[in-house]
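Peer 1:
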Amino acid sequence: MAAPQTPKLREARTRLEEARLGFERCGARLWAQQAADELRAGGAAPAAAPAASPGAGDLARLTPQQLRIARYVAGGATNREVALSLSVSTRTVDYHLRNVFATLGLRSRVELVRLVEQEEKTGARL
């Protein structure tokens with residue numbers, strides 16, 4: 329059973345959802361995604377997530393931390409560079425990256441780069 333929400337938590341979620349919707353309306357996809365990630369990290373899903381095109385949206389299945397790591401890796405960062413950027417150990421990055429590959433059915437970083445680029449081009453939720 330879920331814990332009852334405190335008034336401050338409800339207010340924070342409301343404000344984050346309003347911000348996410350505002351960012352989407354003005355085309356600020358990255359800011360909208362950041363607000364959505366914060367909502368998910370706080371235990372709430374955005375009320376109306378943007379619809380992904382058929383075959384796209386695979387990255388939406390990742391946890392916020394997996395998504396951050398996938399973005400860094402797709403940008404060409406090594407596990408060590410990702411670990412330094414996120415203030416975690418390289419073993420933690422390796423763990424999350426293995427789960428990213430398993431969740432998305434990928435076998436290499438090259439496939440991850442292609443998937444991220446494809447979803448960015450199609451405007452799928454990142």
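The opening residue of the sequence shown carries number 329 in this note's numbering; numbering runs sequentially from there. Every residue, glycine too, gets a C-beta built ideally from N, C-alpha and C.
Who are the Cβ neighbours of Leu434 in its own chain at under 8 Å, not counting the five residues just before and after it?
Peer 2: Counting from 1 along the sequence shown, the entry for residue 434 is found at position 106. The residues are Val428, Leu440 and Leu443.
Peer 1: How about the region 387 to 395 and the region 362 to 369: do they share at least three Cβ pairs that are nearer than 8 Å?
Peer 2: yes
Peer 1: Buried or exposed: which applies to Glu352, given that a residue is buried once 16 or more other Cβ atoms fall within 10 Å of its Cβ?
Peer 2: Locating residue 352 in the sequence shown gives position 24, where the first residue counts as 1. Buried is the call here.
Peer 1: Could you pull out every residue in the same chain whose Cβ sits closer than 8 Å to the Cβ of Ser413, ignoring the five residues on either side in sequence?
Peer 2: Sequence index remark: in the sequence shown, residue 413 carries index 85 (1-based). Tyr400 and Ala405, listed in sequence order.
Peer 1: On the three-state DSSP scale, how would you describe Thr435?
Peer 2: Translated into positions along the sequence shown, residue 435 becomes position 107. The residue you asked about is not Thr; residue 435 is Arg in the sequence shown. In the three-state scheme derived from DSSP, where H, G and I count as helix and E and B as strand, Arg435 is classed as coil.
Peer 1: Are Ala360 and Arg343 touching if we call contact CB-CB under 8 Å?
Peer 2: Counted from its first residue, the sequence shown places residue 360 at position 32. Counted from its first residue, the sequence shown places residue 343 at position 15. The answer is no: Cβ separation not under 8 Å.
Peer 1: Does DSSP classify Ser413 as helix, strand or coil?
Peer 2: Looking up residue 413 in the sequence shown gives position 85. The three-state secondary structure of Ser413, taken from DSSP, is helix.
Peer 1: Could you have a look at Thr418 and say whether DSSP puts it in helix, strand or coil?
Peer 2: Walking along the sequence shown from the start, residue 418 turns up at place 90. Here Thr418 sits in helix by DSSP.
Peer 1: Determine the closest residue to Ala340 out of Arg368, Cys354, Thr431 and Gly355, with distance taken between C-alpha atoms.
Peer 2: As a first step, residue 340 must be located in the sequence shown, where it is residue number 12. Ranking Arg368, Cys354, Thr431 and Gly355 by Cα distance to Ala340 puts Arg368 first.
Peer 1: Quick one: give me the first and last residue of the alpha helix (DSSP H) that Leu344 is part of.
Peer 2: Position 16 of the sequence shown holds residue 344. Membership of Leu344 in the alpha helix (DSSP H) is indicated by the continuous run Pro335 to Arg353.
Peer 1: Excluding the 5 residues flanking Val410 on each side, which residues of the same chain have their C-beta closer than 6 Å to its C-beta?
Peer 2: If you number the sequence shown from 1, residue 410 lands on position 82. Closer than 6 Å at the Cβ level, and outside the excluded window around Val410, lie Ile397, Tyr400 and Val421.
Peer 1: By Cβ distance below 7 Å, which residues in the same chain neighbour Ala402 in space, the five residues on each side in sequence not counted?
Peer 2: The count along the sequence shown starts at 1 and reaches residue 402 at position 74. Answer for Ala402: Leu440, Val441 and Val444, listed in chain order.
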